[in-house]
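S.K.: The structure is given below, and queries will be raised subsequently.
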Amino acid sequence: MSIIVFYIAYGLIWILTLPPLPVLYYISDFLYFVIFHIIKYRKKVVYSNLQNAFPGKNVDEIDKIARKFYKHFCDVIIETLKELHMSEAEMIKRVRYVNPEVIDELFRKRKSIIAVVGHYCNWEWLTGFSIQTPYHGASLYKSLNNKQFDKVFSKMRSKFGTEMILMKQALRFILKNKREERLTLTCYISDQSPVREELDYFTRFMNQDTPVFLGIEKMAVKFNLPVVYFKMKKIRRGYYEVEILTVTEKPSETETNEITEKHVRLLEETILEEPAYWLWSHRRWKFKPSDKS
1413 MSIIVFYIAY
1423 GLIWILTLPP
1433 LPVLYYISDF
1443 LYFVIFHIIK
1453 YRKKVVYSNL
1463 QNAFPGKNVD
1473 EIDKIARKFY
1483 KHFCDVIIET
1493 LKELHMSEAE
1503 MIKRVRYVNP
1513 EVIDELFRKR
1523 KSIIAVVGHY
1533 CNWEWLTGFS
1543 IQTPYHGASL
1553 YKSLNNKQFD
1563 KVFSKMRSKF
1573 GTEMILMKQA
1583 LRFILKNKRE
1593 ERLTLTCYIS
1603 DQSPVREELD
1613 YFTRFMNQDT
1623 PVFLGIEKMA
1633 VKFNLPVVYF
1643 KMKKIRRGYY
1653 EVEILTVTEK
1663 PSETETNEIT
1673 EKHVRLLEET
1683 ILEEPAYWLW
1693 SHRRWKFKPS
1703 DKS
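Going by this note's numbering, the sequence shown opens with residue 1413, and the numbers climb by one from there.
Below is the structure:
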């Protein structure tokens, strides 16, 4: 994409997302029609993932979840782009943390934290947590292939004070803040698919053998960082609640893979409560245990 085309596209997105969210949801409804019925974006992946995850559900039940997923997916696209114009007050109003005292207590104990999140509900809006905590907020991410859009998304995600850290720089980030005695809350997305070279650990997740990153557990144990899980719930269109669940306060005392299994189970339980709000278009199960080197 040329610089000129990028700026034209960015300008159009900036203008289109000026109206309030209730108006933008009409665009989301139209986007759903285009993506689901015309483009049929990753429909084979979505339906295959759902059928494998829920072998006991019939065709109509799978179709109902898939359609609800696509409608929510389009809402997330619109909501994420709307961040270009969102104020801190609006973000606080739209994402409510029901028990922030869990985090506050760890801050009083002078503990930096790892927060585990999944591609569930609107995970992009979790970067707004930095407004509501005394911690220095950070989030690990993988860079986009398009450098211009990568800069735009990084700027949006850091709008409310969250520092964006490339995954490969996680260790350096933790060591730097430890040296400077700065308390950090760092979000790790737990349900990304590892590359073939990182197929170290498989577990059962949504009825399938699933590779899981061990980085969360390794970092937690190495630096004795408490781990929490952000359980997000969609209340209605554009409004979410987050419950903060403790995975462990003493990671150095846990058994091997205990932290990993616990945060995987918490995400699985969240998905089972309302399956449509997870990212079913993600090719989460492209690797099998036989692919391990």
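All residues carry an ideal CB built from backbone N, CA and C; glycine is no exception.
Cutting at 7 Å between CB atoms, please list the residues of its own chain near L1430, excluding the five before and the five after it.
M.R.: In the sequence shown, residue 1430 corresponds to position 18, counting from 1. Cβ within range, chain order: H1497.
S.K.: In this structure, does DSSP put L1679 in helix, strand or coil?
M.R.: Taking the sequence shown and counting its residues from 1, the one referred to as residue 1679 is at position 267. DSSP, read as helix, strand or coil, puts L1679 in helix.
S.K.: Who pairs with F1642 in a beta bridge, going by DSSP?
M.R.: If you number the sequence shown from 1, residue 1642 lands on position 230. DSSP output for F1642 lists I1656 as bridge partner(s).
S.K.: Can you list, in chain order, the stretches of the alpha helix (DSSP H) that have 4 or more residues and sit fully within the segment 1470-1503?
M.R.: 1471-1494
S.K.: Quick check on DSSP: helix, strand or coil for Q1620?
M.R.: As a first step, residue 1620 must be located in the sequence shown, where it is residue number 208. Q1620: strand per DSSP, three-state reduction.
S.K.: What residue range is occupied by the uninterrupted beta strand (DSSP E) comprising R1584?
M.R.: Start at 1 with the first residue of the sequence shown, and residue 1584 comes out as number 172. Unbroken run through R1584 is the alpha helix (DSSP H), 1582-1591; no beta strand (DSSP E).
S.K.: From which residue to which residue does the alpha helix (DSSP H) around L1424 run?
M.R.: The residue you call residue 1424 lines up with position 12 of the sequence shown. Unbroken alpha helix (DSSP H) run through L1424: 1415-1428.
S.K.: Would you mind giving the Cβ-Cβ distance between V1507 and W1535, rounded to the nearest angstrom? I have them listed as a contact below 8 Å.
M.R.: For the purposes of this step, residue 1507 is identified with residue 95 of the sequence shown, where counting begins at 1. For the purposes of this step, residue 1535 is identified with residue 123 of the sequence shown, where counting begins at 1. Not quite, the Cβ-Cβ distance comes to about 11 Å (not below 8 Å), so this is no contact.
S.K.: Please classify A1582: is it buried, with 16 or more other beta-carbons within 10 angstroms of its beta-carbon, or exposed?
M.R.: By one-based count along the sequence shown, residue 1582 stands at place 170. Buried, by the Cβ-count rule.
S.K.: CA-CA distance, Y1553 and S1570?
M.R.: One-based indexing of the sequence shown puts residue 1553 at position 141. One-based indexing of the sequence shown puts residue 1570 at position 158. Roughly 12 Å between the two C-alpha positions.
S.K.: Between which two residues does the beta strand (DSSP E) containing R1454 stretch?
M.R.: As a working mapping, residue 1454 is identified with position 42 in the sequence shown. R1454 -> no beta strand (DSSP E), and no H or E assigned at all.
S.K.: For the 8 Å Cβ check, are there 3 or more pairs between the segment 1510-1521 and the segment 1468-1479?
M.R.: no
S.K.: By how many angstroms is the C-alpha of E1500 removed from the C-alpha of C1533?
M.R.: Here residue 1533 is taken as the residue at index 121 of the sequence shown, counted from 1. Here residue 1500 is taken as the residue at index 88 of the sequence shown, counted from 1. For C1533 and E1500, the distance between alpha carbons rounds to 20 Å.
S.K.: Whose C-beta lies closer than 8 Å to the C-beta of S1744 among residues of the same chain, with five residues either side of it excluded?
M.R.: Since the first and last residues shown for the chain are 1413 and 1705, residue 1744 lies out of range.
S.K.: Contact between the segment 1602-1613 and the segment 1658-1667: three or more CB pairs below 8 Å?
M.R.: no
S.K.: Report all residues from its chain with a CB closer than 6 Å to the CB of R1696; omit the five preceding and five following residues, and keep chain order.
M.R.: Within the sequence shown, residue 1696 is the residue found at index 284, counting from 1. Cβ within range, chain order: S1605.
S.K.: Taking the continuous beta strand (DSSP E) assigned at V1514, which residues delimit it?
M.R.: Along the sequence shown, read from residue 1 onward, the residue named residue 1514 stands at position 102. In the DSSP assignment, V1514 falls outside any beta strand (DSSP E) and lies within the alpha helix (DSSP H) extending over 1513-1520.
S.K.: Grouping DSSP H, G and I as helix and E and B as strand, with all else coil, what is R1695?
M.R.: For the purposes of this step, residue 1695 is taken as the residue at position 283 of the sequence shown. Residue state for R1695 is assigned as coil, using DSSP reduced to three classes.
S.K.: Considering only residues of the same chain and omitting the five flanking positions on each side of C1599, which have a CB-CB separation below 6 Å?
M.R.: Translated into positions along the sequence shown, residue 1599 becomes position 187. Answer for C1599: A1527, V1529, S1551, listed in chain order.
S.K.: So, helix, strand or coil for E1686, using DSSP?
M.R.: What you label residue 1686 is simply residue 274 of the sequence shown in a count that begins at 1. Residue state, collapsed to three classes: coil.
S.K.: Could you check how far apart the C-beta atoms of F1635 and I1656 are, in whole angstroms? I think they sit under 8 Å.
M.R.: The residue labelled residue 1635 in the question sits at position 223 within the sequence shown. The residue labelled residue 1656 in the question sits at position 244 within the sequence shown. Not really, about 20 Å apart at Cβ, beyond 8 Å.
S.K.: Just mark S1702 as buried or exposed, buried being the case when its beta carbon has 16 or more other beta carbons within 10 Å.
M.R.: Position 290 of the sequence shown, counted from the start, is the residue given in the question as residue 1702. That one is exposed.
S.K.: Tell me, to the nearest whole angstrom, how far the beta carbon of R1608 is from that of F1699; I am working on the premise that it is less than 8 Å.
M.R.: Taking the sequence shown and counting its residues from 1, one reaches residue 1608 at position 196. Taking the sequence shown and counting its residues from 1, one reaches residue 1699 at position 287. Going by Cβ atoms, the distance from R1608 to F1699 rounds to 7 Å, so yes, they are a contact pair.
S.K.: Within 10 Å of its beta-carbon, does Y1438 have 16 or more other beta-carbons around it, so buried, or fewer, so exposed?
M.R.: Numbered from its first residue, the sequence shown carries residue 1438 at position 26. Result: exposed.
S.K.: Please name the residue, chosen from L1637, K1646, T1622, that lies closest to N1464 on a Cα-to-Cα basis.
M.R.: On the sequence shown, residue 1464 is found 52 positions in, with the first residue counted as 1. Closest option to N1464, Cα to Cα, is T1622.
S.K.: Measure the C-alpha to C-alpha separation of L1436 and S1566 and round it to an integer number of angstroms.
M.R.: Locating residue 1436 in the sequence shown gives position 24, where the first residue counts as 1. Locating residue 1566 in the sequence shown gives position 154, where the first residue counts as 1. S1566 has its alpha-carbon roughly 22 Å from the corresponding atom of L1436.
S.K.: Identify, in the order they occur along the chain, each residue of the same chain with its Cβ nearer than 7 Å to the Cβ of Y1459, setting aside the five sequence neighbours on each side.
M.R.: As a first step, residue 1459 must be located in the sequence shown, where it is residue number 47. Same-chain partners within the cutoff: I1474, A1478.
S.K.: Flag this pair as yes or no: are the beta carbons of L1637 and I1515 separated by less than 9 Å?
M.R.: Counted from its first residue, the sequence shown places residue 1637 at position 225. Counted from its first residue, the sequence shown places residue 1515 at position 103. Against a cut-off of 9 Å, the Cβ pair of I1515 and L1637 comes out as no contact.
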